[in-house]
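Each remark here refers to the structure printed beneath this line.
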Amino acid sequence: MEGNGAANGPMFEPQDVDTRVLDAVTGEPTEPRTYLLSTYSRGHRRGRPPGAVIAERIIQVSAIPRWPESSPGGTAYVIPIGGLPKEDAERPWDVLQYGNHLFGGGEYKARSAILGGTEVTIRKSACSGILHCRHLAPELLQPAIYTNLDAYWGALERVRIRTTQNFATQGRQEAISWAWSIKKDYDEKKACKKAPHGQGDTCIPGVHSNEAPQGSRANSWVACALASAGGRSRRGDNHQKEWIPSKFDPFLSEIRQIITSTQPLPCIDNNCHVVDKIGRKAKTCEFGHDLSGPGEMVKVEHCPVRITSIRPRGENPAPWIIINSKGVHNHPPPPESKVPPSAKKSANQALSKNAGNGQQKTELRQFQHSVHYDDWLDSNGAATADEVTPHFVNHGYFGHLIRRSNAIDRPYGSSREGVEHEWRTLHQGPNRYIQSVISTGDDFMAICFTQSQAELWGQIGTFQVDMNFKKVHRKLAREEHEVIFGARVGLETQFLVLARAYMSSQTAVAYEALFRELFRCLNACRVVVQWKHIHGEGLYGVTMDQDAAAIKGDGALKGWIDHKKKSYISCGLSQAYTLMPPLVWNALSTDTNGVESLHQQSYTAGGRYTPLLSAIRS
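Right under this line is the structure:
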């Protein structure tokens, strides 16, 4: 038996019944030793029923192999459960980078002879194969027995460097890729889609050049046969025309051959490195192969390798997991495509870390700039996401996790219904952030602040109010706007947010309802708002913008003057028109710059034109 188990725990001792036939003369077994991984049965020859799981080689390791070695007689890996993450121990087959197709009954309960007859769950699956470019380098096409993966990865890297970092041919490859992008537009009827009648059968591309070169400027272009001459667009023409970058001038013959060709061009460059998982829908490798363009992806299926995962169960489970791979692969190893269960769980936990108080970052950009993202990296001892697992270098996978999390945690989406659902399910305790939601179908209002923000109202004498129209994404007939209440508290030089509100109306009735509901919510938090001119103490004033709809008028000067004579406006323009004491009038701010700066902070933290629930959570 092989492995490094001695350095990571006790050595595994297989408890198997040797049922090999012995030679009548020498007394030695007539065949190599094999190990019975599934149930021993005396009712069948040699105690092995049809379909029994056997292995000719056992290797003890400390972690589940992502690409287990395979052999005709079966190579079994024995892994101690004690050193594995809980998620990996529960679903060890999810760690393997191949073997997605169940066969032979799929998953069933049995007993394992090699584990002393203990109860186990056996899961049988078949290697799912790969996709690879038709022009894959020959040295990467050898059937893989997975006995020297380091050598294979080294060969793959050498081919990749040879094809992508060959500076002697890099300019030619760029020119060919550029030409094929134009060719693809014509093939997909997109090149002249802005033409009056779209792209027709007479839209044929051609390559043209100026007879007299004009210095460093581009002198050649690709254009539709129906486009205006001279490389410049005639007004209303809109047939395809595009200048060829001057750096591609040495390769005009290749560009012309690609653009004007009506027959498939041969490929003399079988030197590709692209190998992908079987589930990808890509039709080409998107890598320019000489004049033939991107290589077609070839699907390799029906691999003969069978993988068996044996996981202990029952009251006294064995402390080992067994992974057995039998057969010889007919393809190169697939790229790493499965995320380990432990890494997936930790990412999901980071995404929903603070969902209970409504501060969860649910958009990809917000999540990557959140403290939960930094904490997740620290907990995994990583500086970047790809150090946790290579899958996370593709941010699209995070996007998938976020969409899945949102579908589970936010079944009503991010609109008004989603806000109301979150308020009723997550914001009813003392640490709530959404204090109130009023939704009548036509009108909508949500009041948001924390208990610590509520307590700030007792430390201020004045505050500012301002509405913005860029925070929430607008939808037809359903537009919500953000209103921020802000003030400078104590000796603070910066403005602090006292509360946020989201409302769908801008009428005087709506603002009255806003203030009434805000003060009611503050009372519910044991904060009583008083006004100095009514109660003798408390707030002495508020600063807000004049109503935009009212000051537009009809553009006449007289209308503007009459508008400023209104008592509630003139009192803010001159002390002579107000009954406020001079000390109070002078203490009030003459603008709303402070609260407007809070809007900018809101944009920075959560973006602009975001869904309603995301705006509240940010």
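The UniProt record's numbering numbers the first residue of the sequence shown as 1 and each following residue consecutively.
Each residue gets a CB set at the ideal place from its N, CA and C atoms; glycine is no exception.
Top-ranked residue by Cα proximity to residue i, from the options
i	options	result
residue 498	376, 122, 433 and 151	433
residue 466	106, 602 and 367	602
residue 348	303, 403, 275 and 327	403
residue 511	545, 488 and 370	545
residue 184	506, 388, 331 and 292	292
residue 523	455, 504, 482 and 580	455
residue 479	59, 304 and 441	441
residue 93	180, 65, 486 and 148	65
residue 78	180, 616, 35 and 332	35
residue 597	535, 539 and 485	485
residue 299	314, 305 and 275	275
residue 172	156, 289 and 534	289
residue 225	211, 250 and 191	191
residue 504	514, 303 and 496	514
residue 482	342, 489, 108 and 468	468
residue 265	132, 295 and 471	295
residue 80	374, 343, 345 and 317	317
residue 534	500, 495, 580 and 525	580
residue 227	220, 239, 219 and 221	239
residue 75	88, 82, 85 and 61	61
DSSP bridge partner residues for residue i (one or two, in chain order)
i	result
residue 611	Partner(s): none; residue 611 has no beta bridge.
residue 178	Residue 178 pairs with nothing; no bridge assigned.
residue 436	447
residue 224	205
residue 580	Bridge partners of residue 580: none, in fact.
residue 630	Absent from the model: residue 630. The displayed extent of the chain is 1 to 618, so no value can be given.
residue 126	101 and 306
residue 299	131
residue 71	326
residue 120	110 and 312
residue 463	542
Under the three-state DSSP convention, the category residue i falls into
i	result
residue 545	coil
residue 97	coil
residue 367	helix
residue 134	coil
residue 600	helix
residue 36	strand
residue 605	helix
residue 159	helix
residue 531	strand
residue 348	helix
residue 468	strand
residue 152	helix
residue 550	With a pLDDT of only 33 at residue 550, under the threshold of 50, the placement of this residue in the model should not be trusted, and no figure is reported.
residue 139	helix
residue 592	coil
residue 425	helix
residue 54	strand
residue 115	strand
residue 455	helix
residue 92	helix
residue 342	helix
residue 66	coil
residue 198	coil
residue 372	helix
residue 617	helix
residue 379	helix
residue 476	A caution first: residue 476 carries a pLDDT of 45, below 50, which makes its placement in the model unreliable, though a value can still be read off. DSSP places residue 476 in coil when its eight states are reduced to three.
residue 420	helix
residue 187	helix
residue 356	With a pLDDT of 40 at residue 356, under the threshold of 50, the modelled position of this residue cannot be trusted; read the value that follows with caution. Helix, per DSSP.
residue 87	helix
residue 385	helix
Tell me, please, whether the region 332-342 touches the region 275-284 by the rule of three or more beta-carbon pairs shorter than 8 Å.
-> The answer is yes - the region 275-284 touches the region 332-342, with three or more Cβ pairs under 8 Å.
For the region 241-252 against the region 97-106, are there 3 or more C-beta pairs whose distance is under 8 Å?
-> In the pairwise beta carbon analysis, the region 241-252 is classified as not touching the region 97-106: fewer than three pairs are separated by under 8 Å.
Stretch pair the region 609-618 + the region 413-424: three plus CB contacts closer than 8 Å | As far as the Cβ criterion goes, the region 609-618 touches the region 413-424, which means the pair count is three or higher.
Do three or more CB pairs link the region 424-439 to the region 516-523 at distances below 8 Å?
-> The region 424-439 is in contact with the region 516-523.
The region 309-321 touching the region 105-124, judged by at least three CB pairs closer than 8 Å | Touching, per the Cβ criterion.
Would you mind listing the alpha helix (DSSP H) stretches within the region 481-529 that are 4+ residues and don't spill past its ends, in chain order?
-> Every alpha helix (DSSP H) of 4 residues or more that sits fully in the region 481-529 is shown, in chain order, as 508-524.
Which ranges would you report for the alpha helix (DSSP H) in the region 235-290 if only whole runs of at least 4 residues count?
-> If we require 4 residues or more, the alpha helix (DSSP H) runs fully inside the region 235-290 come out as 252-260.
The region 50-67 contacting the region 320-327, beta-carbon criterion three pairs below 8 Å | Yes, they touch.
contact_flag[the region 200-213, the region 250-257] where n(CB pairs < 8 Å) is 3 or more | Contact between the region 200-213 and the region 250-257 is present, because at least three Cβ pairs lie under 8 Å.
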